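Laid out in structure tokens, this is it:
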């Protein structure tokens, strides 16, 4: 095990998998400079055939990534901020997410779109979104939202060894947090398998991305108040491990979902709906969602803090649920 | 028209021309069948026919092998057949049958045969351009001399992805041929009302060898494509062909059902009928003494038999079941 930050873990995953499979290609805006650090050193190691800076042309980038994958080249398309995926959305939404079905299963699409998500650093509304609810609704594309360096490495390596299109989202606030990561070159994290970060008996908290860290702090505080929290990080939203979540709620009878995305039609609301369908009779209180409101993110730091989930908001929701 | 960028003096020779004539005929007669099936209400979805444009697909694809890639459009039946796809798999697909090219899950706008390097018709105008450029990138990295061709219409030239791809293709010297099938219409709008300037000039601005040709002259298309594809194979980068043509049918077969007034004149269509690439090539072969009236009858009979067989095959095939759907979303993963 070695201690590293989330972006370093992803960097290690790129290095290991690109060494292992010499067909993998990575391209994107400024991947040589690497704004987030996750692609640092790749160009020097693998050269300009396999690691390419692109123009700021998201439509071409996403479309080409899918075409290259279809032709047998596993491709990493680095989009920097997830809002930029929206200017290249055709390649993701109409091509990557649909081509395998439309070709009757002929196409294998080993393409991984990488982008940062989340607010909290005053980047303004066009660099602060957490847009996975939109991606979850596309029908045919996997979505990874790792919250720990170990999961980031293992999920990236699984994506690069697989043949399915994947959107790999980096919670920005977590990028600087360090954690223990396996050095085993075959360390993989499966898609569709939630991580139970701590077991508990009174309440289930499902936390996604940046909210995992907030929820850990909330759980610690709740423990001091005598509340036993079961904390679940789904890690991938497609496929979503609803079995683990539903089983947990059947045990605890209470659920809070913490999710930085806007509330409307979100991962949080979807999880709440699934639990309502499948574990209604186990619920002892209404399900609570801690999410961002349905407005664009403002710039001023105090307003960002007011709108985003944090440990206090998660704790408050949990206490309301316990009282319910 | 500017000077020639893709200098050419190649000719395919009469035998190859005859094979291409037969391929054009197969496209035309297959689409006539599909058009009739559409108008009779037998088809589940719409069809966009390429009648009048066949020479471009056939001449370009004559230079390609199954290892080369073609990205196509919503008007993709001709590209599918020109790239080696079968009439059976095409007709069965458009009829929504499990024996179709995509198991009946894609339909007319998505006919794909990866075993032939046909990476798909595409329902998004301009969508095939990005996919073909990506396939060209894959070919370049693989280093085996494969090339990719993107077919698109003058309508797609208004999509930003074309400009983005031209820029990247030139910068990266991708083995890519961009073929604009200029049929004069963006769906129901005349090209002059939606496209400023000359499309070929946009390609020239990126520093790409570019040629504007008569797309209904199969030999002219063949000769220019020969040079462009040879350049791509040799690692000399992308080229652009603007092939002037005309679609003899509407944007889609169902359009008479909702159009309140015609958007193009009968006179215009009749004028282009006189430039139909199929009789034009047949006449050329007759002039070369390479084809007789009996030969033409034999070609027509072959093609008619193939279309009839394909239609029967489609009629006798089953529609796809849900299991096919569930196994066609992800690899080794249930949706």
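Residue numbers (my numbering), protein chains in the order written: chain X, 9 to 332; chain Y, 1333 to 1667. Built from N, CA and C at the ideal position, the CB exists for glycine as well. All figures in this text were calculated on a predicted structure; none of them were measured in a lab.
For the alpha helix (DSSP H) that residue i lies in, which residues bound it at each end?
i, result
"residue 268 (chain X)", "It is not in any alpha helix (DSSP H) - residue 268 (chain X) instead sits in the beta strand (DSSP E) that spans 263-270."
"residue 329 (chain X)", "319-331"
"residue 220 (chain X)", "219-232"
"residue 66 (chain X)", "66-78"
"residue 1645 (chain Y)", "1625-1648"
"residue 165 (chain X)", "157-169"
"residue 1533 (chain Y)", "1531-1537"
"residue 1393 (chain Y)", "1386-1393"
Find the residues of chain X that neighbour residue i, judging by a C-beta separation of less than 8 Å, and give them in chain order.
i, result
"residue 1303 (chain Y)", "Chain Y is shown from 1333 up to 1667; residue 1303 (chain Y) falls before or after that span and cannot be answered."
"residue 1423 (chain Y)", "Here the premise fails: no neighbours, minimum Cβ distance about 15 Å."
"residue 1446 (chain Y)", "78, 111, 114 and 115"
Please compile the residues from chain X whose C-beta is within a distance smaller than 7 Å of the C-beta of residue i.
i, result
"residue 1492 (chain Y)", "67"
"residue 1464 (chain Y)", "75"
"residue 1438 (chain Y)", "110, 111 and 112"
"residue 1659 (chain Y)", "113"
"residue 1401 (chain Y)", "79"
Under the DSSP definition of a beta bridge, which residues are partnered with residue i?
i, result
"residue 1603 (chain Y)", "Partner(s): none; residue 1603 (chain Y) has no beta bridge."
"residue 176 (chain X)", "X:122 and X:152"
"residue 212 (chain X)", "X:238 and X:263"
"residue 1402 (chain Y)", "Y:1450 and Y:1481"
"residue 34 (chain X)", "X:59 and X:84"
"residue 1514 (chain Y)", "Y:1576"
"residue 300 (chain X)", "X:270"
"residue 1559 (chain Y)", "Answer is none; residue 1559 (chain Y) lacks a bridge partner."
"residue 204 (chain X)", "X:240"
"residue 1445 (chain Y)", "Y:1450"
"residue 1571 (chain Y)", "Y:1509"
Please report the residue range of the beta strand (DSSP E) in which residue i lies.
i, result
"residue 1678 (chain Y)", "This structure cannot settle anything about residue 1678 (chain Y), because the visible part of chain Y is limited to 1333 through 1667."
"residue 88 (chain X)", "83-89"
"residue 2 (chain X)", "Because chain X here runs from 9 to 332, residue 2 (chain X) falls outside it and cannot be looked at."
"residue 1457 (chain Y)", "That residue, residue 1457 (chain Y), is in no beta strand (DSSP E); it is neither H nor E in DSSP."
"residue 12 (chain X)", "10-13"
"residue 246 (chain X)", "244-246"
Within the same chain, show all residues whose beta-carbon is closer than 7 Å to that of residue i, passing over the 5 residues directly before and after it, in chain order.
i, result
"residue 1578 (chain Y)", "1384, 1515, 1516 and 1604"
"residue 202 (chain X)", "240, 241, 242, 243, 249, 252 and 253"
"residue 1600 (chain Y)", "none"
"residue 1458 (chain Y)", "1484, 1488, 1491, 1493 and 1494"
"residue 1424 (chain Y)", "1431, 1432, 1645, 1646 and 1649"
"residue 323 (chain X)", "226, 229 and 230"
Identify, in the order they occur along the chain, each residue of the same chain with its Cβ nearer than 6 Å to the Cβ of residue i, setting aside the five sequence neighbours on each side.
i, result
"residue 173 (chain X)", "104, 117, 119 and 149"
"residue 270 (chain X)", "300 and 302"
"residue 1344 (chain Y)", "1554"
"residue 156 (chain X)", "187"
"residue 1455 (chain Y)", "1406 and 1441"
"residue 1663 (chain Y)", "none"
"residue 208 (chain X)", "236, 237 and 238"
"residue 1389 (chain Y)", "1410, 1411 and 1414"
"residue 1623 (chain Y)", "1617"
What in chain Y is Cβ-close to residue i, meaning under 7 Å?
i, result
"residue 7 (chain X)", "No answer is possible for residue 7 (chain X): the residues shown for chain X start at 9 and end at 332."
"residue 172 (chain X)", "1662, 1663 and 1665"
"residue 103 (chain X)", "1459 and 1463"
"residue 209 (chain X)", "Here the premise fails: no neighbours, minimum Cβ distance about 32 Å."
"residue 247 (chain X)", "1665"
Which same chain residues, not among the five before or five after residue i, have their C-beta less than 8 Å away from its C-beta?
i, result
"residue 1502 (chain Y)", "1538, 1539, 1540, 1569 and 1570"
"residue 296 (chain X)", "263, 264, 265, 325, 326, 328 and 329"
"residue 1651 (chain Y)", "1428, 1429, 1430 and 1436"
"residue 1498 (chain Y)", "1510, 1534, 1535, 1538, 1540, 1570 and 1572"
"residue 255 (chain X)", "none"
"residue 1655 (chain Y)", "none"
"residue 1399 (chain Y)", "1449, 1476 and 1478"
So with CB distances below 8 Å, who are the chain Y contacts of residue i?
i, result
"residue 221 (chain X)", "Near residue 221 (chain X) there are no residues of chain Y at all, since even the closest Cβ is about 29 Å away, more than 8 Å."
"residue 250 (chain X)", "None at all; the shortest Cβ gap to chain Y is about 13 Å."
"residue 88 (chain X)", "Per Cβ cutoff of 8 Å: no residues; residue 88 (chain X) is ~16 Å from chain Y at best."
"residue 148 (chain X)", "1661, 1662 and 1667"
Which chain Y residues are close to residue i, counting only those with a beta carbon under 9 Å from its beta carbon?
i, result
"residue 33 (chain X)", "1469, 1470 and 1473"
"residue 63 (chain X)", "1496, 1499, 1500 and 1503"
"residue 58 (chain X)", "1473"
"residue 36 (chain X)", "None at all; the shortest Cβ gap to chain Y is about 12 Å."
Just to confirm, does residue i get its C-beta within under 7 Å of one of the non-hydrogen atoms of the ligand MN?
i, result
"residue 232 (chain X)", "Ligands are entirely absent from the displayed structure, and the ligand MN is therefore not among its contents."
In chain X, which residues lie less than 9 Å from residue i when you measure between Cβ atoms?
i, result
"residue 1434 (chain Y)", "109, 110, 111, 112, 113 and 114"
"residue 1561 (chain Y)", "Going along chain X, no residue has its Cβ under 9 Å from residue 1561 (chain Y), so there is no contact; the nearest lies around 17 Å."
Problem set entry | Cβ pair count under 8 Å reaching 3, the region 57-72 of chain X against the region 1415-1425 of chain Y | no
Exercise. Okay, do the region 1568-1576 of chain Y and the region 1623-1641 of chain Y touch, 3+ Cβ pairs below 8 Å being the bar?
Worked result: no
Exercise. Quick check: the region 72-90 of chain X against the region 30-42 of chain X, are there 3 or more CB pairs under 8 Å?
Worked result: yes
Exercise. For the region 88-102 of chain X against the region 67-79 of chain X, are there 3 or more C-beta pairs whose distance is under 8 Å?
Worked result: yes
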